[in-house]
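Visitor: Chains as they are written, first to last, in this note's numbering: chain H, 932 to 1223; chain A, 538 to 833.
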Amino acid sequence: MMENIGLAAMMETPCVVVNVQRGGPSTGLPTMVGQADIMQARWGSHGDYETIALSPQSPQEAFDLCIDAFNLSELYRVPVMFMLDECVGHMTEKVVIPEADEIEIVPRKLSDKKPGDYFPYDFEGDSIPEMVRAGDGYRFHTTGLTHDRRGYPVMSAECQEWNVRHLIEKIRNNADRIARYDEEDLDGAEVVVIAYGITSRVTRMAIDMARKKGVKVGFVRLIVVWPFPETHVRKLAGKVKAFVVPEINYGQIVLEVERCAAGKAAVTGVPHGGGGVHDPELIFKAIMEAVK
Amino acid sequence: MSAPDRAPTIAEHPISPFLRMDRIPHIWCPTCGIGTVVKCFATALQELDLDLDKCAVVSGIGCTGRVAGYMKLDAFHTTHGRAIPFATGLHLGRPELNVTVFSGDGDLVGIGGNHFIHAARRNIDLLVILINNFIYAMTGGQNAPTTPISAKSSTMPFGNYEQPFNIPYLADCCGATYVARWTSLHIRRVTKACREALQKKGFRVIEVITPCSTLYSRLNKLGTGLDLLRFYHDNAEIRHGADTRELDIDFQKRIVCGKFVDRERPSFAERRDAHYRNILGDRFVPMPPEGGWLHE
């Protein structure tokens, strides 16, 4: 599985991988909730590459974001990880399905170059190379090996640098453009809770509880988890006292928040082993602790 | 011996139009048999005068995995064992393509064994050219699911004791429509088998026994690749239509070659279309032959 996600990253093949997370490791909890594959979505295959990961919080969002997932994968020629969790995956809610012509679809960018003039990995900086289809006369070659602009394998440190840097930069340089999050009441917030997926819904109750106690709590719900909204969290870190990061794992996104807070704000994780969602009381306690 | 007036250039080779000459020389060892089989396949394409824009090659990993990199077709070098699933996707997405999987024994019946079995069962329209050199060659001569009993490999220095796969039998009982075995000495036979198989539908398997002088031959003290070709010459027995159950290969014993299976069976695509036509009637819209799910 992961080897082929690496192949898609290396060949720059657009694809969407749906992961409805349950508790693990191994067969773990079939089928009860977990959110412990978030780092795997980023680092699962060997080697250096970037992915995009989306985390819906409701059936409606699962529908809408799935379209975005395909669009992003076409736009950046990258595997997009669609990171549901078991709760959202099994959830029943009203979903409004728009008319087909109301749905925005990013068409695949096909090259209009003639065979002979076309190279599969022709790009400048972080631009995205154009694709062609098999059977259309281009007789092109792609490989999972480190390759040059022709798609031919080249076993050298220089080519590796050229090849891998492109896989990284096409996402990293566009991270702010890809980033998506909901935010609430960040102005004057003392504590900001950062959550995603089902945990973001549980968090709302904890935030209400804290607000009743007079604490100014802001909320950031990650919609795009990878690339992580680094710029945004760095800015917030200068303004707030603490971040609280509940997630159904033993600390994954909290590490990213810590990295971006860079000591400017305290960071508290609220871990959970999986099999159920957080008791809002736990998140509430973490908020009250953080505000002290 | 006097020197020729001018040295022949590689560009003049009859199959050079089928190769990426800008990637030659290739990485294969002297006396390796893979290049010979590539030539047979290219000759078959040439003789059939197929539209090369509609021919694609998919390889996995390993020595034979490099074939896709040298063929001047739409050619894909994928992950270990996953050439058949990749090729299945290519065939389903662009059904008008003639897709050939060109890979090794370790790749196709080792890590990719399950894909091989199910592609044969579903009768996917793929030609599989399986180069069998009895060993994992590129990674250092480890024991393969094809290593004959008592043959040595780097992981079985005292000889192999595992029962190897009989590939024609495996392909036959899983439902392949064409099954043949040759050695890389049988240049005209391999070419003919490629020609026949390229014109058929369904899951077609051509196993070609090839010398690996660098590992298999060295570990087993069998001499050079040339010595192995001599061995094939003396020990290959042609028995067309032989019972595939009797095609086990023992260490340095006779190798039964020939065409064992040539039958018609509805392919995956034919069954799928017939099924939906039956269930959905006029509501069934088959995928256009040139593929149709892309927005243009």
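Quick reminder that beta carbons are idealized off the backbone N, C-alpha and C, glycines included.
So which of Ile672/A, Leu634/A, His812/A and Asn669/A has the shortest CA-CA distance to Asp662/A?
Guide: If we check each option's Cα against that of Asp662/A, Leu634/A comes out closest.
Visitor: Quick check on this structure: which residue in Asn772/A, Glu733/A and Asn651/A has the alpha carbon closest to the alpha carbon of Lys796/A?
Guide: Per the Cα distances, Glu733/A.
Visitor: Could you tell me which uninterrupted alpha helix (DSSP H) segments, each at least 4 residues in length, are contained entirely in the region 596–663 of chain A, listed from first to last along the chain?
Guide: Those alpha helix (DSSP H) runs which fall completely within the region 596–663 of chain A and span 4+ residues are 604–607, 620–630 and 650–659.
Visitor: Please check if any C-beta of chain H sits within less than 8 angstroms of the C-beta of Glu584/A.
Guide: With 8 angstroms as the cut-off, Glu584/A does not count as an interface residue toward chain H.
Visitor: Hey, out of Lys1166/H, Asp1043/H and Ala1217/H, whose CA is closest to Ala1193/H's CA?
Guide: When only C-alpha atoms are compared, the closest one is Lys1166/H.
Visitor: From the DSSP output, in three-state form, read off Glu774/A for me.
Guide: Three-state DSSP puts Glu774/A in a strand.
Visitor: Tell me which residues share the same chain as Asp1016/H and place their Cβ nearer than 6 angstroms to its Cβ, disregarding the 5 neighbours each side in the sequence.
Guide: Gln952, Val964, Gln966, Gly1128 and Ile1129, listed in sequence order.
Visitor: Quick test of the definition: if touching needs 3 or more C-beta pairs under 8 angstroms, does the region 570–581 of chain A touch the region 1095–1107 of chain H?
Guide: They do not touch, by the three-pair rule.
Visitor: In the DSSP assignment, what residue or residues form a beta bridge with Trp1157/H?
Guide: Ala984/H.
Visitor: Using the C-alpha atoms, what's the distance from Gly778/A back to Cys794/A?
Guide: One C-alpha to the other measures close to 10 angstroms.
Visitor: Could you tell me which whole alpha helix (DSSP H) segments of length 4 or greater appear in the region 948–992 of chain H?
Guide: Runs of the alpha helix (DSSP H) inside the region 948–992 of chain H: 969–974.
Visitor: Does any residue of chain A have a CB that is nearer than 8 angstroms to the CB of Asn935/H?
Guide: It does: the Cβ of Asn935/H has a partner Cβ on chain A nearer than 8 angstroms.
Visitor: If the cut is a Cβ gap below 8 angstroms, which residues of chain H does Lys591/A touch?
Guide: Those are Gly1066, listed as they occur along chain H.
Visitor: Between His1072/H and chain A, is the shortest Cβ-Cβ distance under 8 angstroms, so that the two count as touching?
Guide: It does; some Cβ of chain A falls within 8 angstroms.
Visitor: Assuming Gly1206/H and Gly954/H make a contact with CB atoms under 8 angstroms, what is their CB distance in whole Å?
Guide: Gly1206/H to Gly954/H, Cβ: 5 angstroms. Contact.
Visitor: So, does the CB of Leu938/H fall closer than 8 angstroms to a CB anywhere in chain A?
Guide: Yes, Leu938/H lies at the interface with chain A (some Cβ there is under 8 angstroms from its Cβ).
Visitor: Distance cutoff 8 angstroms, beta carbons only. Does Asp611/A sit that close to anything in chain H?
Guide: Closer than 8 angstroms: yes.
Visitor: Can you look up His832/A in the DSSP assignment and give me helix, strand or coil?
Guide: Residue placement at His832/A is flagged as unreliable, the pLDDT there being 42, under the threshold of 50; a coordinate-derived value is accordingly withheld.
Visitor: Assign Thr1073/H to one of three DSSP states: helix, strand, or coil.
Guide: Strand, per DSSP.
Visitor: With 16 as the cutoff for other CB atoms within 10 Å, does Phe1215/H come out buried or exposed?
Guide: That one is buried.
Visitor: Using 8 angstroms for Cβ pairs, my map puts Ala657/A next to Ala713/A. What's the rounded Cβ distance?
Guide: That belief holds up - the Cβ atoms of Ala657/A and Ala713/A are roughly 5 angstroms apart, short of 8 angstroms.
Visitor: Is the beta carbon of Val1171/H closer than 8 angstroms to that of Ile891/H?
Guide: Outside the displayed range of chain H (932 to 1223) lies residue 891/H, so it cannot be described from this structure.
Visitor: Could you check what DSSP says for Ala939/H in three-state terms: helix, strand or coil?
Guide: Of the three classes helix, strand and coil, the one that applies to Ala939/H here is helix, per DSSP.
Visitor: With DSSP collapsed to three states, give me the class of Ala1031/H.
Guide: The answer is helix: DSSP assigns Ala1031/H an H, G or I state.
Visitor: Kindly indicate if chain A contains any beta-carbon less than 8 angstroms away from that of Gly1047/H.
Guide: With 8 angstroms as the cut-off, Gly1047/H does not count as an interface residue toward chain A.
Visitor: Looking only at C-alpha atoms, which of His655/A, Asn697/A, Gln679/A and Ile724/A sits nearest to Phe525/A?
Guide: The first residue shown for chain A is 538 and the last is 833, placing residue 525/A beyond what the model contains.
Visitor: Please confirm if Arg504/A has its CB atom under 8 angstroms from at least one CB of chain H.
Guide: Nothing in the structure corresponds to residue 504/A, since chain A is present only between 538 and 833.
Visitor: Run through DSSP, which three-state label would Val1079/H get?
Guide: According to the sequence provided, residue 1079/H is Asp. The question's Val does not apply to it. Here Asp1079/H sits in coil by DSSP.
Visitor: Which residue comes first and which comes last in the alpha helix (DSSP H) that contains Cys1090/H?
Guide: Cys1090/H -> alpha helix (DSSP H) spans Ala1088 to Arg1103.
Visitor: Verify whether the separation of the beta carbon atoms of Thr616/A and Asn950/H is less than 8 angstroms.
Guide: No, these two residues do not count as a Cβ contact at 8 angstroms.
Visitor: Could you tell me which residues DSSP pairs with Thr720/A in its beta bridges?
Guide: Partner(s): Ile746/A.
Visitor: What are the boundary residues of the alpha helix (DSSP H) that includes Met1140/H?
Guide: Here the alpha helix (DSSP H) through Met1140/H covers Ile1129 to Lys1143.
Visitor: Does the region 694–714 of chain A come within contact of the region 667–684 of chain A, defined as at least 3 CB pairs closer than 8 angstroms?
Guide: At 8 angstroms Cβ cutoff, the stretches touch.
Visitor: Using 8 angstroms as the threshold, is the region 663–681 of chain A in touch with the region 609–627 of chain A, meaning 3 or more CB pairs across them?
Guide: The region 663–681 of chain A, when compared against the region 609–627 of chain A, does touch it at the 8 angstroms Cβ threshold.
Visitor: To the nearest whole angstrom, what separates the beta carbons of Leu585/A and Gln736/A, a pair I think is in contact under 8 angstroms?
Guide: Leu585/A to Gln736/A, Cβ: 7 angstroms. Contact.
Visitor: Mapping the DSSP letters down to three states, classify Gln583/A as helix, strand or coil.
Guide: Note: Gln583/A maps to helix in three-state DSSP.
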